[in-house]
Each structure stands twice: as structure tokens, then as C-alpha cells.
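S.K.: One structure, as C-alpha cells, below. Some questions next.
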Amino acid sequence: MEKRVIIMGAKSKLITSCIASIVKKYLPKNEEIIHSGLFLLSTREEQLKIPDWYYNGYSVISETVSSYLQTLCMEKALTFTDNGMYSFTDDHYTIPSEDIETAVSIVNNMLPDCESGLKIVKEASREFQLKHLSTVE
19 MEKRVIIMGA KSKLITSCIA SIVKKYLPKN EEIIHSGLFL LSTREEQLKI
69 PDWYYNGYSV ISETVSSYLQ TLCMEKALTF TDNGMYSFTD DHYTIPSEDI
119 ETAVSIVNNM LPDCESGLKI VKEASREFQL KHLSTVE
């Protein structure tokens, strides 16, 4: 049996990179798209599993993602523009380019049919309702 070793901080780094890649790909007007995109990834990517996302009244994922977004904005990897858009800056030294490339690849593989932010939100809502109904029964 092969034992997987996850280096301390690796999950955090992966989540940060995935958030950045979703921002870069979809340039969402609000955090809901990022939350939903990350939720969809977490249901399909073993390394991103975080207990209670969407099952604790949505607050856990919201606070987690908001915290990462604030950090990325403070580190000047992201900026929040006047028209309510997150913009991925050229000065993203805080996230190595190979991490972003890996994350973009994960996002592209995990969300192949989601060509828009709205579709991500709808798919995440559908996925949540399916999981929520199966846990209630």
C-alpha cells in the first residue's frame, strides 16, 4: 500500500494557487464564483478536501476563501478594481509560476464544462444540493 506524504503547508499552497488560477481564468465580479469553483475542485481533488465545506452553513468555505483572497491582495498578487473585479497582477512573486501553471491545469481538468463564472456557481449549487440531500436521507 502506497502511503501519500503531504508536506506541511502544501495543501495551503495548493488552495492559494487554485484560488489564483480561478481568478486568472474567470476574473469574477464577486467571491461567490471563487468559492463555488474551489468547492467543485474540492469534491474532485483529494488534496483539497476540507471537512465541513458547504455543510456548516457555507461559512467555513467563505471565511477560508476570503482569508486567502485578502492575503493575495495584501501581497499584491491580486488587486480589486474600481468596477468590482479581481485582477491578477503581473507582480505575483508570492506564488511561483509553476504552482499557478499546475493549478490552472487542475482547474482546466476539473472544470472543463464551466466556461463562465455563472455556470460554476450553478454547477456548485447543484452538486451541493445532491450531497446535502444524500446526507439528510
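Numbering (our numbering), first residue to last: 19 to 155.
Even for Gly, the Cβ is constructed at its ideal location relative to N, Cα and C.
In the DSSP assignment, find the unbroken alpha helix (DSSP H) run with L129 in it and report its ends.
M.R.: Locating residue 129 in the sequence shown gives position 111, where the first residue counts as 1. Where L129 is concerned, there is no enclosing alpha helix (DSSP H), given that its DSSP letter is neither H nor E.
S.K.: Could you compute how far the alpha carbon of K67 sits from the alpha carbon of L32?
M.R.: In the sequence shown, the residue the question calls residue 67 occupies position 49. In the sequence shown, the residue the question calls residue 32 occupies position 14. Roughly 11 Å separates the two Cα atoms.
S.K.: On a CA-only basis, which of C36, K47, V83, A95 is nearest N101? Give me that one, please.
M.R.: Within the sequence shown, residue 101 is the residue found at index 83, counting from 1. It is K47.
S.K.: Using 8 Å as the cut-off, can you tell me whether the region 58–65 makes contact with the region 80–97, which would need three or more C-beta pairs spanning the two stretches below that distance?
M.R.: No contact exists between the region 58–65 and the region 80–97.
S.K.: DSSP state of T112, grouped into three classes?
M.R.: Walking along the sequence shown from the start, residue 112 turns up at place 94. T112: coil per DSSP, three-state reduction.
S.K.: For the beta strand (DSSP E) containing L96, name the first residue and the last one.
M.R.: As a position in the sequence shown, residue 96 is number 78, starting the count at 1. Residues 96–98.
S.K.: Use the C-beta contact count for S85: other C-beta atoms within 10 angstroms, 16 or more gives buried, fewer gives exposed.
M.R.: Residue 85 sits at position 67 when you count from the first residue of the sequence shown. Exposed, since its Cβ has fewer than 16 Cβ neighbours within 10 Å.
S.K.: Please name the residue, chosen from T89, K43, E145, that lies closest to S30 on a Cα-to-Cα basis.
M.R.: If you number the sequence shown from 1, residue 30 lands on position 12. Looking at the Cα atoms, T89 is the closest of the given residues.
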